[in-house]
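Just so you know, we're using our numbering here: the sequence shown kicks off at 1458 and counts up by one.
No residue lacks a Cβ here, since even glycine has one placed at the ideal position from N, Cα and C.
Just so we're clear, the structure is a prediction, and the values are computed from it rather than from any experiment.
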Amino acid sequence: MEPSQTFTRMNRSYIAEGEGIIRVMRPRLPTAAQLLPYLERIDEARIYSNYGPLVVEFEARLAALFGCGVIANTASSGTAALAGAILAAAGRARPASPFALIPAYTFTATAAAAEMCGYQPYFVDVDAECWMLEPGLLPAHPMIDKVGIVIPVAPYGRPVPQAPWLSFQAGTGIPVVIDDAAASDRLAAEPAPFLGEIPACLSLHATKALGCGEGGAILTTDEGLAAGILRSLNFGFGSERNSICASINGKMSEYHAAIGLAELDGWSEKLARLGAVATCYRRVMEAGGCTDRMVMMPDISAVYALYRARSETEAERICNNLRVAGIEYRLWYGAGLQSNAYFANCRRDALTETEEFAPRLLGLPMSVDLTPADIERIATAVTDATSSAPADHG
Ligand SMILES: *Cc1c(COP(=O)(O)O)cnc(C)c1O
1458 MEPSQTFTRM NRSYIAEGEG IIRVMRPRLP TAAQLLPYLE RIDEARIYSN YGPLVVEFEA
1518 RLAALFGCGV IANTASSGTA ALAGAILAAA GRARPASPFA LIPAYTFTAT AAAAEMCGYQ
1578 PYFVDVDAEC WMLEPGLLPA HPMIDKVGIV IPVAPYGRPV PQAPWLSFQA GTGIPVVIDD
1638 AAASDRLAAE PAPFLGEIPA CLSLHATKAL GCGEGGAILT TDEGLAAGIL RSLNFGFGSE
1698 RNSICASING KMSEYHAAIG LAELDGWSEK LARLGAVATC YRRVMEAGGC TDRMVMMPDI
1758 SAVYALYRAR SETEAERICN NLRVAGIEYR LWYGAGLQSN AYFANCRRDA LTETEEFAPR
1818 LLGLPMSVDL TPADIERIAT AVTDATSSAP ADHG
């Protein structure tokens, strides 16, 4: 069978309804009771959007949470956060520099945000170990003279360090915006190497570690850039009602800020639960001799439990076992952006590493209330496929 056919079958999001199914992700956001005090403040103030008191408070709490002197701008989604940062850092694409360099291994939103700002996504291969762009290689990239923006991505929340990208920016004059969409918990745990002048864009989607349903944030220490991002997300308005730059409506509403504030109230508890689930995963996988194949917090965000299969054949066997056992899984970034129908015709480099590891990187279930019994079931499905099978040489 062609590897691509194998992959398509593996990646099919499958399991229907049924008893005992373990979902790949079951987000939990604040309850109605936890939201109520914040919603009552909205009723009282009768301000529903446009940087009302809850958004202002949420932004202040985010800035304090991450520290490092960052200014926090909120946005209506992680994608809007990226678009606002791209517009403020680089403006819309110009004919002389139409390309946005993007890692092939990411969620589609990275490329969608670049396109929103007029750029043509150009896919670059990533490092096989950390799944990130290699900043040192890019100044010599054959397309570099036509590049208007570079968007490194924090894959599964493994955060992108500022220093090499500051050097890249200084050396090439090309602006950089970091897609840290899934990295909120990693950045909060260790902010210093990862936050600075280059805007770090977070997603506050329900499935991310810090969630408010739909939302985003941009963190930067550069005051001028932060002011530009605010304008880009608010019709280009500065202090006056006069549009002075390329813009979108990317504002966060007071309702989403209410969820974000309540989420922050219970965040350390949520992270502790996810950490306990990760510890349980490690212990159970250890018994099956598979701990070293797991990638979890603190390397990546606590909402992901990844299994690195040794080969595509092993990955396929594991997926079959999981399906039979009623356990959902997901290849979160698929086989890379180039494998999406819409992005298939984008220009790109040879994507040797991405094509090699992407089909082997399986997203296993993760949620705050995954039980030890659930994890035993998952581990059995995985280890049965790894131990009973003939050795692979992939
Ligand atoms: C979630 C995610 C996004 C998009 O964020 P939204 O809030 O869903 O718009 C972008 N990039 C990456 C890497 C993500 O994981």
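For the structure I just gave you, are there three or more beta carbon pairs, one from the segment 1601-1615 and one from the segment 1752-1761, closer than 8 Å? yes
(message) Would G1672 and S1844 qualify as a contact pair, given that the criterion is a beta-carbon distance under 8 Å?
(response) Counting from 1 along the sequence shown, the entry for residue 1672 is found at position 215. Counting from 1 along the sequence shown, the entry for residue 1844 is found at position 387. No Cβ-Cβ contact shorter than 8 Å links G1672 with S1844.
*asked:* With three or more C-beta pairs closer than 8 Å as the rule, is the segment 1577-1588 touching the segment 1800-1816?
replied: yes
Determine the direct distance from the alpha carbon of E1833 to that of S1876, and round the result to whole angstroms. Only positions 1458 to 1851 of the chain appear in this structure, which leaves residue 1876 out of reach.
Notebook entry, point to check: Sorry if obvious, but does the Cβ on D1636 come closer than 7 Å to a heavy atom of ligand 1?
Noted result: What you label residue 1636 is simply residue 179 of the sequence shown in a count that begins at 1. It does: the Cβ of D1636 is within 7 Å (strictly closer) of some heavy atom of ligand 1.
Quiz item: Would you call R1858 buried or exposed, if buried means 16 or more other Cβ atoms sit within 10 Å of its Cβ?
Solution: Past the edges of the chain, shown from 1458 to 1851, lies residue 1858, and the structure says nothing about it.
**Report entry** Separation of A1714 from A1490, as counted between CA atoms
**Finding:** Residue 1490 sits at position 33 when you count from the first residue of the sequence shown. Residue 1714 sits at position 257 when you count from the first residue of the sequence shown. Roughly 16 Å between the two C-alpha positions.
Handout entry: Three CB pairs or more closer than 8 Å across the segment 1600-1612 and the segment 1561-1574
Key = yes
Inset, instruction - Would you tell me roughly how many angstroms separate the C-alpha atoms of P1555 and P1755, rounded to the nearest one? - result: Taking the sequence shown and counting its residues from 1, the one referred to as residue 1555 is at position 98. Taking the sequence shown and counting its residues from 1, the one referred to as residue 1755 is at position 298. Going by the C-alpha atoms only, they are around 37 Å apart.
Taking 7 Å as the cut-off, is the beta-carbon of T1531 closer than that to any non-hydrogen atom of ligand 1? Looking up residue 1531 in the sequence shown gives position 74. T1531: no, Cβ never under 7 Å from ligand 1.
Exercise for the section: Determine, using beta-carbon pairs with one atom in the segment 1498-1511 and one in the segment 1623-1632, whether at least three such pairs fall under 8 Å. Expected result: no
Using a Cβ-Cβ cutoff of less than 7 Å, which residues in the same chain neighbour G1548 once the five nearest sequence positions on both sides are dropped? The residue given as residue 1548 occupies position 91 in the sequence shown. So the qualifying residues of the chain are A1703.
**Prompt:** Buried or exposed: A1842, going by 16 or more other Cβ atoms within 10 Å of its Cβ?
**Reply:** Taking the first residue of the sequence shown as position 1, residue 1842 is located at position 385. With 16 or more other Cβ atoms within 10 Å, it is buried.
- [ ] Would you check if the distance between the CB atom of P1618 and the CB atom of A1546 is smaller than 8 Å?
- [x] Here residue 1618 refers to the residue found at position 161 of the sequence shown. Here residue 1546 refers to the residue found at position 89 of the sequence shown. Cβ distance not < 8 Å, so P1618 and A1546 don't count as in contact.
- Within 10 angstroms of its Cβ, does P1552 collect 16 or more other Cβ (buried), or is it exposed? The residue you call residue 1552 lines up with position 95 of the sequence shown. Looking at its Cβ environment, which holds fewer than 16 other Cβ atoms inside 10 Å, P1552 is exposed.
- Item | Close beta carbons around S1641, own chain, < 7 Å, minus the five adjacent residues each side | Reading the sequence shown from its first residue, position 184 is the one you call residue 1641. Only L1659, K1665, A1666 and L1667 meet the Cβ criterion.
- Message: Measuring only from the beta carbon, is A1792 closer than 7 Å to any heavy atom that is part of ligand 1?
- Response: Taking the sequence shown and counting its residues from 1, one reaches residue 1792 at position 335. Answer for A1792: no, Cβ out of range of ligand 1.
- Cβ shell of I1635 (< 6 Å), same chain only, five flanking positions each side left out: Taking the first residue of the sequence shown as 1, we reach residue 1635 at position 178. Hits under 6 Å: P1609, V1617, I1655 and A1657.
*asked:* Counting only beta-carbon separations shorter than 8 Å, does A1836 have a partner in chain C?
replied: Going by chain labels, chain C is absent from the structure shown, which holds only one protein chain.
Taking the beta strand (DSSP E) that I1528 belongs to, which residues open and close that run? Here residue 1528 refers to the residue found at position 71 when the sequence shown is read from its first residue. From DSSP, the beta strand (DSSP E) with I1528 extends over I1528 to A1532.
State the Cα-Cα distance for the pair Y1786 and C1803, rounded to the nearest angstrom.
Position 329 of the sequence shown, counted from the start, is the residue given in the question as residue 1786. Position 346 of the sequence shown, counted from the start, is the residue given in the question as residue 1803. Y1786 and C1803: Cα-Cα distance of roughly 28 Å.
Just mark N1421 as buried or exposed, buried being the case when its beta carbon has 16 or more other beta carbons within 10 Å. There is no way to answer for residue 1421, as the model of the chain reaches only from 1458 to 1851.
Say the cut is 7 Å; is the CB of G1673 nearer than that to a heavy atom of ligand 1?
Here residue 1673 is taken as the residue at index 216 of the sequence shown, counted from 1. Yes, since a heavy atom of ligand 1 falls inside the 7 Å radius drawn around the Cβ of G1673.
Looking only at its chain, what residues have a beta carbon closer than 6 Å to the beta carbon of A1836, apart from the 5 residues adjacent to it on each side? By one-based count along the sequence shown, residue 1836 stands at place 379. Contacts found: V1741, M1742 and G1745.
| query | Are the CB atoms of G1723 and P1494 nearer to each other than 8 Å? | reply | Position 266 of the sequence shown, counted from the first residue, corresponds to residue 1723. Position 37 of the sequence shown, counted from the first residue, corresponds to residue 1494. No.
* Would you tell me roughly how many angstroms separate the C-alpha atoms of K1727 and R1688, rounded to the nearest one? => Start at 1 with the first residue of the sequence shown, and residue 1727 comes out as number 270. Start at 1 with the first residue of the sequence shown, and residue 1688 comes out as number 231. Looking at the two C-alpha atoms, the distance is approximately 33 Å.
Item to complete: Under the assumption that P1560 contacts V1527 (Cβ atoms under 8 Å), give the Cβ distance between them as a whole number of angstroms.
Response: Translated into the one-based positions of the sequence shown, residue 1560 becomes position 103. Translated into the one-based positions of the sequence shown, residue 1527 becomes position 70. Not a contact, Cβ separation roughly 24 Å.
Handout entry: Contacts around V1633, its chain only, beta-carbon distance under 6 Å, and the 5 residues preceding and following it disregarded
Key = Residue numbering aside, residue 1633 sits at position 176 when the sequence shown is read from its first letter. These residues qualify, in order along the chain: V1607, W1622, Q1626 and I1655.
| query | Over what stretch of residues does the alpha helix (DSSP H) that includes P1578 continue unbroken? | reply | Looking up residue 1578 in the sequence shown gives position 121. Counting along the chain, P1578 falls outside any alpha helix (DSSP H), though it belongs to the beta strand (DSSP E) covering Q1577 to V1581.
*asked:* By alpha-carbon positions, which one of N1507, L1539 and P1484 ends up nearest to R1698?
replied: Mapped onto the sequence shown, residue 1698 falls at position 241. Ranking the options by Cα distance to R1698, first place goes to N1507.
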